[in-house]
Amino acid sequence: MQRGPRDVAGIINFMRKLIIPITAVALAATASVATAWTGARPIGGTWNGTARSVTDASVTFTVHGNISIGADGRPSGRADLGAPLNCSVRWTPVRQTAGVTTFRETVTATRSTLCEDGGRVNLSRAADGTLRYRWTKGNMASIAYLDGISGHWRGVGHPAAGGRVTTDLIVRGTVLGGIEGSVGYGPPLTCSGYWVPLSGNTPGWRRFTEVITQSHTTACVGIGTASVALRTDGRLQYRWTGGGYVTTAVLNRVAG
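As numbered in our numbering, residues 414 to 669 make up the sequence shown, in order.
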């Protein structure tokens with residue numbers, strides 16, 4: 414049966430009314446996907462620290478994680494969990510609500526029977542800039558405050574007065590979000606000691622009182638102030654002051 418011009422026009426108008434709502438729904442869905450992970454960017458980067466089991470406070474383990482942010486803002490992560498877990502895991506994003514990003518954890522390699530597969534990891538930034546970590550599965554849970562500077566660092570210090578001094582630094586994040594460290598200096602200082610965290614940190618920087626506990630020369634100042642900050646290239650900016658002296662360095666992370 415042939416249709417007249419009015420019938421064709423009516424069909425066209427009907428199709429237009431049908432297509433416009435469908436298009437609007439498609440555009441809204443696309444916008445939703447594009448903006449779903451925009452709040453995940455603050456958790457991107459390399460994070461390290463010490464986690465404690467909530468169900469058994471005697472159990473602690475190190476967490477060395479790396480979170481990448483895709484072009485669409487979608488995060489993905491991998492982490493190495495230290496003894497007694499001794500395993501590597503992959504973090505797949507599940508959802509994001511109120512600044513908390515939830516991942517599904519999958520064990521990709523393990524050297525023990527203690528690493529649980531299929532847990533959930535919640536990550537969010539704390540007020541002090543650390544990354545709040547919480548792992549759960551059933552009635553089991555672990556918590557940690559991770560930072561970007563924990564680890565083993567090494568490089569060459571440059572005193573303002575001239576010269577060079579090798580610097581070997583180990584920074585450890587504590588379960589409650591604190592940071593402590595130990596340091597060793599090569600010739601001509603040839604000394605070692607520990608770091609005690611100071612309050613009043615500026616954004617991106619951590620300050621410590623350095624206390625020298627062992628020295629083989631008289632050139633090493635007993636107490637000073639050390640400041641470190643993670644650079645955009647992944648290296649550690651270091652500055653030390655004490656006794657009228659200033660030393661700066663750029664330290665590289667030591668693998669392992």
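Just so you know, even glycine gets a beta-carbon here, dropped at the ideal spot from N, CA and C.
Within 8 angstroms: the Cβ of residue i and any heavy atom of the ligand HEM?
i	result
G483	In the structure shown, the ligand HEM is absent, as is every other ligand, since no ligand is present at all.
Report the option in the options whose CA atom is closest to the CA atom of residue i.
i	options	result
G495	N461, P506 and V609	N461
W618	V609, Y651 and S605	Y651
C604	T626, I583 and L611	T626
A453	P497, V513 and S471	V513
A470	G457, A511, M553 and A540	M553
L370	E593, R577 and G597	Past the boundaries of the shown model lies residue 370; the chain is included only from 414 to 669, so the question cannot be answered.
T526	E518, Y607, G478 and P497	P497
I583	W608, A574, A573 and G575	W608
D541	P616, A492, Y658 and D646	P616
A632	G657, T515, R491 and T473	G657
Under a three-way DSSP split, which group does residue i fall into?
i	result
A492	strand
A453	helix
A464	strand
I676	Since the displayed the chain opens at 414 and closes at 669, residue 676 lies outside it and no answer follows.
H477	strand
V472	coil
V663	strand
A573	coil
G613	coil
A642	strand
R524	coil
G531	coil
R487	coil
G657	coil
P601	coil
R503	strand
Tell me which same chain residues have a C-beta within less than 8 angstroms of the C-beta of residue i, skipping the five on either side of it?
i	result
R524	N499 and C500
V663	G568, R644, R648, L649, Q650 and Y651
A668	none
P455	R538
For residue i and residue j, which I take to be in contact (beta-carbon distance under 8 angstroms), what is that distance rounded to the nearest angstrom?
i	j	result
L602	T622	In fact, because the Cβ distance is near 17 angstroms, the residues do not count as touching under 8 angstroms.
Q509	W450	6 angstroms
V624	G655	The Cβ separation is near 11 angstroms, so there is no contact.
H571	T638	In fact, because the Cβ distance is near 17 angstroms, the residues do not count as touching under 8 angstroms.
P506	R533	Going by Cβ atoms, the distance from P506 to R533 rounds to 11 angstroms, so no, they are not a contact pair.
L551	T579	For clarity, residue 551 is Gly in the given sequence; the question names Leu instead. 48 angstroms between Cβ atoms; not a contact.
I'd like the list of long-range same chain contacts for residue i, defined as Cβ closer than 6 angstroms, with 5 residues on each side in sequence excluded.
i	result
V692	The question about residue 692 has no answer, for the chain in this structure spans 414 to 669.
S481	S489
R517	T505 and V507
W653	G637, A639 and T660
For residue i versus residue j, is the C-beta spacing smaller than 9 angstroms?
i	j	result
V467	S555	yes
S595	R620	no
V476	A464	yes
R577	Y558	no
Using C-beta distances below 7 angstroms, list every residue in its chain close to residue i, excluding the 5 sequence neighbours before and after it, in chain order.
i	result
A522	C500 and S501
G458	I480 and G561
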